[in-house]
Amino acid sequence: MRMIGFLCLLALCSGLSGSEFHIGVYLYDYAMTRTAQGYGKDPMQFADEHFRILSRNGVNTLHLTVNNRENFEKIFLPLLKKYQIKAILQLDFSYFKPETAWTEAHENIRAKEAGQFIAAHQQEPAILGFSVREEVAHKDVHALARYYQKILEHAPGAKLAIVHSSLGAARDMPVPDPAILGTDRYAFWWEFSGNGYIASPAFSLNWLREQAANFQQEAAARGSDFIFVVTQGGWVFVTDDLPGTVKRILKNAPDQEKERFVQRLREYAANKQNGWNEFEHEGKKIYTCWKYYRLPENCLKAAAWLAVMEGARYFLCWSYNPMPKELAGTNLETVARQVWVQKRKTKPYTDFGYYSLAGRPGKPNPQLAEFAVVAKEIRKFESLIMRMNKLPQSPVTTETKKKDFNRAFAIPGYNGKVIVLHNADVGIWPYDSKYFFDAKETISIDEEGQFSGYIPHTKPRTVRFKVQLQPGEKVFSFVDKAELTAAADKLYAITVLPGSGTFIFVGKDGEFNKLKELVSNQE
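FYI, the working numbering numbers position 233 of the sequence shown as 1393, with every residue one higher than the one before it.
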């Protein structure tokens, strides 16, 4: 089976999921229903309001949990059909949990429940696939494969889906192969074990690109569609026990190093530096830190375009969760106090999500607005994207290799190569750091989870590149639907917005004239 998958990759096997590029969000049915009740709204009405928002902002695909099967039938399935949105369904009622008391009898019951549900819905045009586990531990991939096999006994032909957090787990995952396979990568982050530093936008985008390339190979080897998931939201942790937290995270470090780290973090918090802050509560200090900051302008676009460039047919954001009424009108300090009071007895620190792609009522939500822009940009090319198969080498070399990137693709039935060009030069930020900011670099993240001091680029940039041409080949722009001409230095040039991408073709006139009709003329 693995050899078949590998040969399929070499033979440029075509995609599984039609002509629509899937771009969207993770959505949790139980959170939507619970939040509706908090606002005193009918769950169907509340969900309809948000489906309308999602549709208007370019979402055509959801990774949707099914916690309550009755609510799925009455609320979410009708809304998927109404707004012509597709979904991968995460079956929470049959979620694979070998880390708990997971007996064979329990597994058989859950597999039957999952299989019966899948069999009843797998022919629905709105349903793309089914997930019964995300981020499985490497040690559990064989157990998950056994669970998949049991489900397939009840639902033959079921399209299973999974995203991995471990490349080792993805590589060693045995048959049966999922129809949709990929990863979720959370790059715009703060790293505790890295001494409290924050990843710069450049580091984050480079890491995302590397991770996408690695996991895409595993999907391609299995003939699976590649799904790439990123977070865009603000995620915070809170603690009143900084020494205990450091001891827990840096458990193998020398005591002196832990003490120095605690002192450094206290200084960060006192100065509101590197994502840290502190509050007083009942005579105690509470420390908070932005574990993930919201994607700065142009970075959500960049993440989506690099996913396309690395061969994804799905790009999803984790996650879209309307903020509960009791939190919507508050601030970070108030919420942090509430979390600390609720959780302080269970462990030294706890995480909580403060911002999702839904934003906060009455507040600007630039990330959702940018999502709408990039969805429109990419979907112009979706008929190309869904036919493309990634090649190991590209005939294109960009002049600025650290800002501009490209990958080459073949389309079965056509001669020539489709090239995705990506302008990853998104903006400028304090210290122009390409990696993690060091301890001396004062970085801050504001109350809204936005990275302070970041200045986005706003104008298109000219991307210059060389092309290795075979006899009779030319270079064409799919945007202008015209031939590009090299300058005297043999470099071609095309303008690309910051964070965005474009498509060019290397081949002969006749092939381009056929392929260009696949690109939408809509602006």
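Just so it is clear, CB atoms sit at the ideal spot from N, CA and C, and this is done for glycine as well.
{"Asked": "Spatially closest choice to residue 1276 from 1392, 1410 and 1229, by CA coordinates", "Found": "1229"}
{"Asked": "Meets three-Cβ-pair contact criterion under 8 Å: the segment 1354 to 1372 and the segment 1566 to 1579", "Found": "no"}
{"Asked": "Identified DSSP bridge partners for residue 1377", "Found": "For residue 1377, which the question treats as bridged, DSSP gives no partner whatsoever."}
{"Asked": "Simplified DSSP assignment, three categories, for residue 1200", "Found": "coil"}
{"Asked": "Length at least 3, wholly inside the segment 1425 to 1465: the beta strand (DSSP E) runs in chain order", "Found": "1436 to 1441 and 1444 to 1452"}
{"Asked": "Outcome for residue 1629 when other beta-carbon atoms lying within 10 angstroms are tallied against a minimum of 16", "Found": "exposed"}
{"Asked": "Under 8 Å between C-beta atoms of residue 1620 and residue 1666", "Found": "no"}
{"Asked": "Boundaries of the beta strand (DSSP E) in which residue 1652 is found, first to last residue", "Found": "1652 to 1656"}
{"Asked": "Reference residue 1579; option with closest CA among 1563, 1545 and 1413", "Found": "1545"}
{"Asked": "DSSP state of residue 1502 mapped onto helix, strand, coil", "Found": "helix"}
{"Asked": "Complete runs of the beta strand (DSSP E) confined to the segment 1556 to 1642 [at least 3 residues]", "Found": "1556 to 1558, 1564 to 1570, 1577 to 1583, 1621 to 1627 and 1634 to 1637"}
{"Asked": "Helix, strand or coil at residue 1370 according to DSSP, with G and I counted as helix", "Found": "helix"}
{"Asked": "Reduced DSSP secondary structure (H/G/I, E/B, other) of residue 1649", "Found": "coil"}
{"Asked": "CB of residue 1517 within 8 Å of CB of residue 1185, strictly", "Found": "yes"}
{"Asked": "Same chain, Cβ closer than 6 Å to residue 1601, five either side skipped, listed in chain order", "Found": "1591"}
{"Asked": "CA nearest to the CA of residue 1672, picked from 1653, 1515, 1570 and 1583", "Found": "1570"}
{"Asked": "Where residue 1307 sits in the DSSP three-state scheme", "Found": "helix"}
{"Asked": "Run of the beta strand (DSSP E) containing residue 1324, from where it starts to where it stops", "Found": "1321 to 1324"}
{"Asked": "DSSP beta-bridge partners of residue 1476", "Found": "1184 and 1389"}
{"Asked": "Nearest neighbour of residue 1535, chosen from 1212, 1218, 1197 and 1541 [CA to CA]", "Found": "1218"}
{"Asked": "Contact set for residue 1319: own chain, Cβ-Cβ below 6 Å, skip 5 residues either direction", "Found": "1289 and 1339"}
{"Asked": "Residue from 1477, 1365 and 1238 with nearest C-alpha to residue 1587", "Found": "1365"}
{"Asked": "Three CB pairs or more closer than 8 Å across the segment 1343 to 1352 and the segment 1249 to 1256", "Found": "no"}
{"Asked": "Spatial distance of residue 1408 from residue 1446 (CA atoms)", "Found": "17 Å"}
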